[in-house]
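Written out below as structure tokens is the structure these notes cover.
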Amino acid sequence: MPALVLLGAQWGDEGKGKATDLLGGSVDYVVRYQGGNNAGHTVVVGDQKYALHLLPSGILSPGCTPVIGNGVVVDPSVLLSELSGLNERGVDTSKLLISGNAHIITPYNVTVDKVTERFLGKRKIGTTGRGIGPTYADKINRVGIRVQDLYDESILLQKVEAALDVKNQLLTKLYNRRAIAADQVVEELLGYAEQIKPYVTDTVLVLNQALEDDKVVLFEGGQGTLLDIDHGTYPFVTSSNPTAGGACTGSGVGPTKISRVIGILKAYTTRVGAGPFPTELFDADGEALRRIGGERGVTTGRDRRCGWFDAVIARYATRVNGLTDFFLTKLDVLTGWEQIPVCVAYEIDGKRVEELPYSQSDFHHAKPVYETLPGWSEDITKAKSFSDLPKNAQNYVKALEEMSGAPISAIGVGPGRDETIEINSFL
Ligand code: IMP
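Below, the structure written as structure tokens:
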């Protein structure tokens, strides 16, 4: 049975929560494979709105097993407060599974994230300040703390001491901060251990067995393609691999098992944090997209930078992820514009460029080349099929599909669970 990957095709915040949740009813497992509580999914179920940061959106679908894979970084305090927040609202979270190999975001990782950003000043990345980068750095430096370490106190202390050796030198001598005591960190982490224990398991085994048993497994990417550490706009990226390959490394499911890779694509573009963004708007149109689209970060509350649709990026996402389909979201936000510009290529140093330049310097001064498409003014939020859309909205979708290189199989026309047009089934 199929394993599907759902991931952001732009800079994150494409509305993945809605797409994942839409499929959540028909899938057996929803797996997060990278990132941590830097993500933010808003899921609307009936008149209830849920903001999830760390937990897979599938947690809201009864019958679905949510999984936090080995590639995720877990802040235990955030995990527990997210779980208790859902429990208070009557959501059953008992099916959650967490990989024992997932890395823990420790309090010192959060401190290092914040002080580093402050130290960088003008050159900062604009991280979410959740300790994501430093935790992945520890993982790669082989001084990370894993979920399984919470269950061996003496190993935990040794590992925390090893991790703090260099960090305390940096904190005290470079950043002028107080040193962090290993035993206090250990005490805090042990305080979470028993509450998390019921969820911890060998998720690699569980997922592969599930696939052998013909279950449907959905991999849910956090952030987006252009924020990928390898394929994004480095260094203005997150520290993991949201792109499709990350679903394999971050879960222990091999690439031959993945049958469909769906890119979530917003009908315009947004970005949070620093870094290049060729179609960014600094005028009334940008302000209107922000206001109508509710473009404020779920995790950080920061205003998102807004701009027109960028087909160069969409094509790139198709390529690096091997996308089989797109889910186009927030088409309704564009209702009311007489003309809608779409970026079809860039101009770099006077030359027209059709594909994303590999050179960071080139991308930093890429100027968008626009084609303008006629807009529509009719309310589209009640549309149930593609033919219910006004002709100009249909043409906008078809144009995007042609430019982006993969079929648009679903269209979001409003925030609600049922405000979606399904063109081709994902299952
Ligand atoms: P970090 O993931 O906190 O290290 O932040 C690195 C970059 O990724 C920053 O520009 C963040 O704003 C951005 N980022 C992280 N998570 C998300 C997300 O879920 N949506 C959009 N941007 C994100």
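Counting along the sequence shown from 1, when you hit position 352 you're at 354 in my numbering, and nothing is skipped either side.
A virtual CB, placed ideally from N, CA and C, is assigned to each residue, including glycine.
Predicted model only: the values in this text are computed from it and were never measured.
Beta-carbon contacts of Ile182 that lie in its chain and below 8 Å, excluding the five residues immediately before and after
Pro109, Tyr110, Thr113, Leu166, Lys169, Asn170, Leu173
- request: Drop a sphere of 10 angstroms on the beta-carbon of Gly14, count the other beta-carbons inside from all chains shown, and report buried for 16 or more, exposed for fewer.
  value: Gly14 comes out buried.
**Message:** Which residue wins for smallest C-alpha separation from Val355, given the options Asp312, Trp378, Lys384, Ser387?
**Reply:** Asp312
*Anticipated Cβ contact below 8 Å, Arg262 with Phe365, distance rounded*: That belief does not hold up - the Cβ atoms of Arg262 and Phe365 are roughly 29 Å apart, past 8 Å.
| Trp310: which of Arg180, Lys268, Ile127, Val149 sits nearest, CA to CA? | Lys268
| query | Opposite Ile198 in the DSSP bridges: which residues? | reply | According to DSSP, Ile198 bridges with nothing at all.
- Query: What are the start and end residues of each continuous beta strand (DSSP E) run of 3 or more residues lying completely inside the stretch 39–80, in chain order?
  - Reply: Entirely contained in the stretch 39–80, the beta strand (DSSP E) runs reaching 3 residues are, in chain order, 43–47, 50–54, 67–70.
* To do: Return the Cβ separation of Glu222 and Val93 in integer angstroms, given the expectation that the two are a contact with Cβ distance under 8 Å.
  => The Cβ separation is near 17 Å, so there is no contact.
- Simplified DSSP assignment, three categories, for Leu6: Strand, per DSSP.
Practice item. Could you please give me the residues that DSSP links to Tyr348 through a beta bridge? Key: Val355, Pro370
| field | Unbroken stretches of the beta strand (DSSP E), 3 residues or longer, contained in the stretch 151–236 | value | 219–222
From the DSSP secondary-structure annotation, give me the bridge partner or partners of Pro376.
Under DSSP, Pro376 shares a beta bridge with Gln341.
Checklist entry - Counting pairs of Cβ atoms below 8 Å between the stretch 280–295 and the stretch 335–349, do you hit three or more? => result yes
- Considering only C-alpha positions, which residue in the set Thr129, Glu84, Glu357, Glu190 is nearest to Gly407? Glu357
Practice item. Please determine, among Phe328, Thr130, Pro278, the residue with the shortest C-alpha to C-alpha distance to Pro370. Key: Pro278
- Message: Is Thr272 close to ligand 1? I mean its beta-carbon at under 6 Å from any heavy atom of the ligand.
- Response: It does not: the Cβ of Thr272 is nowhere closer than 6 Å to a heavy atom of ligand 1.
Count the other CB atoms within 10 Å of the CB of His367; is the residue buried (16 or more) or exposed (fewer)?
Exposed.
### Query
Under three-state DSSP, which class holds Ser406?
helix
Exercise for review: Compute every distance between the C-beta of Ala11 and the non-hydrogen atoms of ligand 1, then say whether any falls below 6 Å.
Suggested key: no
Look at the alpha carbon of Thr331 and the alpha carbon of Ser156, and state the distance between them as a whole number of angstroms.
Their backbone Cα atoms lie some 49 Å apart in a straight line.
Query raised in the report: Taking Cβ positions, are Val29 and Leu152 nearer each other than 7 Å?
Result: no
- Query: Quick one: does the C-beta of Asn111 sit closer than 6 Å to a heavy atom of ligand 1?
  - Reply: no
Checklist line | Val33 (DSSP reduced to helix, strand or coil) | finding: strand
How would you label Ile135, buried or exposed, when you count the other beta carbons within 10 angstroms and need 16 or more for buried? It is Gly, not Ile, that sits at residue 135 in the sequence shown. Result: buried.
Margin query: Measuring CB atoms only, is the stretch 237–245 touching the stretch 127–143, in the sense that at least three cross pairs come out at less than 8 Å?
Written below: They touch, by the three-pair rule.
ask   = With 16 as the cutoff for other CB atoms within 10 Å, does Phe284 come out buried or exposed?
value = By the 10 Å Cβ count, Phe284 comes out exposed.
Next item on the list: Identify the continuous beta strand (DSSP E) that holds Lys141 and give its terminal residues.
Entry: Where Lys141 is concerned, there is no enclosing beta strand (DSSP E), although the alpha helix (DSSP H) it sits in stretches over 134–142.
Q. So, does the CB of Val76 fall closer than 7 Å to a CB anywhere in chain D?
A. Although the question refers to chain D, the structure presented lacks it and comprises just one protein chain.
If we count the other Cβ atoms within 10 Å of its Cβ and call it buried at 16 or more, is Thr326 buried or exposed?
-> With 16 or more other Cβ atoms within 10 Å, it is buried.
| Hey, would you say the C-beta of Thr245 is under 6 Å away from at least one heavy atom of ligand 1? | Distances taken from the Cβ of Thr245 to the heavy atoms of ligand 1 include none shorter than 6 Å.
TODO: For my contact list, Pro409 and Phe328 are in at a C-beta cut-off of 8 Å; report their separation, rounded to the angstrom.
DONE: 7 Å
Considering only residues of the same chain and omitting the five flanking positions on each side of Asp333, which have a CB-CB separation below 6 Å? It should be noted that the sequence gives Leu, not Asp, for residue 333. Shown here for Leu333: same chain residues with a beta carbon closer than 6 Å to its own, the five before and five after excluded, namely Ala269, Ile413, Val415 in chain order.
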